[in-house]
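Number of protein chains: 2
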Amino acid sequence: MRGVGTHLRGVGTHLVLELWGCSNLDSASVVEQALRDVVDATKVTLLDLHVYPFSPVGVTGVAVVSESHIMIHTWPEHGYAAVDVFTCGEERDLSGAVGAVREHFSPERVQMMHIVRGILVD
Amino acid sequence: MRGVGTHLRGVGTHLVLELWGCSNLDSASVVEQALRDVVDATKVTLLDLHVYPFSPVGVTGVAVVSESHIMIHTWPEHGYAAVDVFTCGEERDLSGAVGAVREHFSPERVQMMHIVRGILVD
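Taken in sequence, the protein lines are chains A and B.
Heads up, the final residue of the first sequence is numbered 304 in the working numbering, and it's a clean run with no missing numbers.
Heads up, the final residue of the second sequence is numbered 304 in the working numbering, and it's a clean run with no missing numbers.
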């Protein structure tokens, strides 16, 4: 996944995902596995992983990695999940990250924004 | 802090901050206090807080809150910090959040982007 943004040198790359019409949004174990699969797809180094189920519904999951973080928040009442994949260092397989997320939540619709973080102007 | 974005109804609001020319970027205790002060400024409920110092330099800090998350990553070698303040529910004092971050890192330059997450189209 290359685009104009990736030609600017930045310290990090931040993929903002909006998932609609999702399944499995109230499952802490699915959120955890999605985080682990994004970690694997992007070949980052996992430092810490926590999943927080909310009452009555909803889950937050965070994977802190050496190369920044992966975050998932779900709102089952809206069929919506917000996913952020923030990495630094070498180029990552962001398509693989999106695929991993899609596999677990089966969204009907996905919106994406890619932000280059910390653009270094030489 | 109101703008066009806040007139769209979304499940969350995500403030993306880019801080340049910063001080204290290699201090885990400053990162922790900045997270706590953003939590206070935005009146969110803290669930969990972790700070990860890196070798040789750099710190990641995450505050998981009932209303989503606050994340700080620092790159002292670039004088740069990436800060994300993602909240849901009622309107928050995002100006206060920015002020809390500024106070701890004294950035020479701040760039901001405000993303409405999970826009609900009626």
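All C-beta atoms in this analysis are idealised placements derived from N, C-alpha and C, irrespective of residue type, glycine included.
According to DSSP, is A:Thr227 helix, strand or coil? By one-based count along the first sequence, residue 227 of chain A stands at place 45. If DSSP states are grouped into helix, strand and coil, A:Thr227 belongs with coil.
Beta-carbon spacing of B:Thr224, B:Gly300 below 8 Å: The residue you call residue 224 of chain B lines up with position 42 of the second sequence. The residue you call residue 300 of chain B lines up with position 118 of the second sequence. No, these two residues do not count as a Cβ contact at 8 Å.
Would you mind working out which of B:Leu229, B:Leu228, B:Val233 sits nearest A:Asp230, comparing C-alpha positions? One-based indexing of the first sequence puts residue 230 of chain A at position 48. Of the candidates B:Leu229, B:Leu228, B:Val233, the one whose C-alpha sits nearest the C-alpha of A:Asp230 is B:Val233.
My output table needs one value for A:Val221: the three-state DSSP class, helix, strand or coil. In the first sequence, counting from the first residue as 1, residue 221 of chain A sits at position 39. DSSP places A:Val221 in helix when its eight states are reduced to three.
Interface partners of B:Ser250 on chain A, CB under 9 Å: Here the question's residue 250 of chain B lines up with position 68 in the second sequence. Result: Thr242, Met253, His255, Ala264.
Alpha carbon to alpha carbon, how far is A:Trp138 from B:Gly243? A query on residue 138 of chain A cannot be resolved here, the shown segment of chain A reaching from 183 to 304 and no further.
Does the structure place the segment 235-254 of chain A close enough to the segment 193-200 of chain B that three or more beta carbon pairs sit under 8 Å? no
Does the beta carbon of B:Glu200 come closer than 8 Å to any beta carbon on chain A? Within the second sequence, the letter at position 18 stands for residue 200 of chain B. Chain A, which has a Cβ nearer than 8 Å to the Cβ of B:Glu200, makes this yes.
Where in the segment 245-301 of chain A do unbroken runs of the beta strand (DSSP E), each at least 3 residues long, occur, reported from the N-terminal end onward? 250-257, 262-270, 291-301
Own chain, CB closer than 6 Å to A:Arg274, minus 5 neighbours either side, in chain order: Along the first sequence, read from residue 1 onward, the residue named residue 274 of chain A stands at position 92. Result list for A:Arg274: Thr224, in chain order.
Using beta carbons (cut-off 8 Å, strictly below), is B:His296 in contact with chain A? In the second sequence, the residue the question calls residue 296 of chain B occupies position 114. So, not an interface residue.
Does the Cβ of B:Met253 have 16 or more other Cβ atoms within 10 Å, making it buried, or fewer, making it exposed? For the purposes of this step, residue 253 of chain B is identified with residue 71 of the second sequence, where counting begins at 1. Classification for B:Met253: buried.
Distance CB(B:Arg191)-CB(B:Leu302) smaller than 8 Å: Locating residue 191 of chain B in the second sequence gives position 9, counting from the first residue. Locating residue 302 of chain B in the second sequence gives position 120, counting from the first residue. Yes, Cβ-Cβ distance for B:Arg191 and B:Leu302 is below 8 Å.
Say whether chain B places a C-beta atom closer than 8 Å to the C-beta of A:His286. Mapped onto the first sequence, residue 286 of chain A falls at position 104. By this cut-off, A:His286 is not an interface position.
Close beta carbons around B:His196, own chain, < 7 Å, minus the five adjacent residues each side: Locating residue 196 of chain B in the second sequence gives position 14, where the first residue counts as 1. If we look at B:His196 and ignore the five residues flanking it on each side, its Cβ neighbours are Asp266, Phe268, Ile297, Arg299.
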